[in-house]
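Residue 9 is where the sequence shown starts when you use the numbering used here, and the numbers rise one by one after that. Think of the CB as a built atom: it goes at the ideal place given N, C-alpha and C, for glycine as much as any other residue.
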Amino acid sequence: MATRHSCDVVVIGAGLSGLYTARLLAAAGADVLVLEAQGRVGGRTLTIHFSDGTFVDDGGQWVSPGQHCIVKLADELGIRLFPSWSEGATAYWRAGKRSVSNDLFLPEDGSAAVLVREAAKELAAMAETLSPEQPWAAPQAAEWDRITLHSWLTTNVASEPARRVLATAIEGVFARNSMPTSLLAALFWVRCGDPLTPFLTTKDPGPERRFDGGAQQLSQRMADELGERVILNAPVISIFHRSEGVSVMTAERSISARRAVIAMPPALAGRIHYEPALPAMRDHLTQRVPMRWAIKVHCLYRRRFWTDEGLSGQVVSDAGAVRRR
């Protein structure tokens, strides 16, 4: 027999977006429950601690310049940020040759830095014509959705190193690694985020920062505030939507609510049974937006030995198992 619950709003997913939504709703006086399939909160943030207390983030970790909302949330939750180590030169491994440079480009890249800035300004101007709420309604949305970001870069940016840097900056935020990125999607990311900030500002944008103690703390502290309203190990099986509200079913619980908020990646949200079925366009979206992946390998050293050579520790390679393009 399933345990029955009722509330104003049920939030499905205890990652950053789901917990933040629940936090706002609770602060507004709503009776809210959060259902999480895993046995932990945090979604795609996961902090691991070594025996000596050193922490590493297996998931998302960096806060880029201009990301004021996440900084504000960290401040509200009492989480300190610290600058990520960035001083020193970058080691490049290109075409089997090692080079060292304090700049984003090597001398043989010629005018790549200038071309990156010019293209970034053009892309930013195009992105300004999009509405964050309805990017598909932009005057040139259909045209931009028919071509890929990489085809636009090939046509408009003469330097291959410049194209590589721009593509990495725009697509890297979502660890893009499958299916071509449409120009419209890329412009939407530019419009809503800050991937081009380093190429547009005339001032030092400041360093990337990290959370002292790890990024998963954000979710953990929000969950602590919500207390028993967060239910773990509760994967949602089905959602029934009726005129009087919604019924959300897990293997052990039945939750009745006025509203449901699905704070999950589309690929996972598409595995839930919906009644009535999702509109065709939404159903297609869940099938066409796969979750992105990246591989992290953590190495713990006693000291930053690379600083003896004036290096930052960052390596950019065009070949091999470990590389960044």
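Suppose you measure from the CA of residue 67 to the CA of residue 46; what does that come to, to the nearest Å?
Cα to Cα, residue 67 sits roughly 15 Å from residue 46.
Contacts around residue 234, its chain only, beta-carbon distance under 8 Å, and the 5 residues preceding and following it disregarded:
27, 30, 31, 34, 40, 42.
Residue 162: which of 174, 87, 16 sits nearest, CA to CA?
Distance from the Cα of residue 162 is smallest, within the candidate group 174, 87, 16, for 174.
Quick check on DSSP: helix, strand or coil for residue 162?
Taken through DSSP and simplified to helix, strand or coil, residue 162 comes out as helix.
Bridge partners for residue 97 per DSSP, in chain order?
Answer is 319.
Taking only runs of the beta strand (DSSP E) that begin and end inside the stretch 22-66, which ones reach a length of at least 3 residues, in chain order?
Counting whole runs of 3 or more residues, the stretch 22-66 contains the beta strand (DSSP E) stretches 40-43, 55-57, 63-65.
Do you know offhand how far residue 89's Cα is from residue 231's?
Near 20 Å, if we compare the C-alpha coordinates of residue 231 and residue 89.
Per-residue burial, residue 333 [other beta carbons within 10 Å of its own, 16 or more giving buried]:
Because the pLDDT at residue 333 is just 44, under 50, the model does not fix this residue reliably, and the value given afterwards should be weighed accordingly. Exposed, because fewer than 16 other Cβ atoms sit within 10 Å of the Cβ of residue 333.
Where residue 278 falls: helix, strand or coil (DSSP)
Correct three-state label for residue 278: coil.
Just grab the DSSP bridge partners of residue 15 for me.
Looking at the DSSP assignment, residue 15 forms a beta bridge with 265.
Going by the CB atoms, is the gap between residue 273 and residue 200 shorter than 8 Å?
Going by beta carbons, residue 200 and residue 273 fall outside the 8 Å limit.
I'd like the list of long-range same chain contacts for residue 12, defined as Cβ closer than 7 Å, with 5 residues on each side in sequence excluded.
The beta carbon of residue 12 sits closer than 7 Å to the beta carbons of 262 from its chain, once the five residues preceding and following it are set aside; these are given in chain order.
Considering only residues of the same chain and omitting the five flanking positions on each side of residue 214, which have a CB-CB separation below 7 Å?
If we look at residue 214 and ignore the five residues flanking it on each side, its Cβ neighbours are 73.
Return the CA-CA distance between residue 18 and residue 268, expressed in angstroms with no decimal places.
C-alpha separation (whole angstroms): 5 Å.
Rounded to whole angstroms, what's the CA-CA distance from residue 136 to residue 129? Just pull it up for me.
Whole-angstrom Cα-Cα distance: 11 Å.
If you draw a straight line from the alpha carbon of residue 196 to that of residue 92, how long is it in whole angstroms?
Rounded to the nearest angstrom, the two C-alpha atoms are 27 Å apart.
In this structure, how does DSSP classify residue 334 when only helix, strand and coil are distinguished?
Beyond the ends of the chain as shown, which are 9 and 333, falls residue 334; an answer cannot be given.
Could you spell out the range, first to last residue, of the alpha helix (DSSP H) harbouring residue 248?
Per DSSP, residue 248 belongs to no alpha helix (DSSP H); it is in the beta strand (DSSP E), 244-250.
Alpha carbon to alpha carbon, what distance is there between residue 109 and residue 328?
In this structure, the alpha-carbon of residue 328 lies about 20 Å from that of residue 109.
When you compare only the Cα positions, how much space is there between residue 23 and residue 153?
A direct Cα-Cα distance of roughly 30 Å separates residue 23 from residue 153.
Residue 129 - containing alpha helix (DSSP H), residue span:
Residue range 120-135 is occupied by the alpha helix (DSSP H) that includes residue 129.
Does residue 303 pass the burial test, meaning 16 or more other C-beta atoms within 10 Å, or should it be called exposed?
So residue 303 ends up on the exposed side.
Locate the beta strand (DSSP E) running through residue 91, then write down its first and last residues.
Where residue 91 is concerned, the enclosing beta strand (DSSP E) stretches over 89-91.
Residues near residue 85 by beta carbon distance below 8 Å, same chain, minus five either side:
Around residue 85: 225, 226, 229, 230.
Measuring alpha carbon to alpha carbon, tell me which of 133, 223, 259 ends up nearest residue 245.
When each option's Cα is compared against that of residue 245, the closest is 259.
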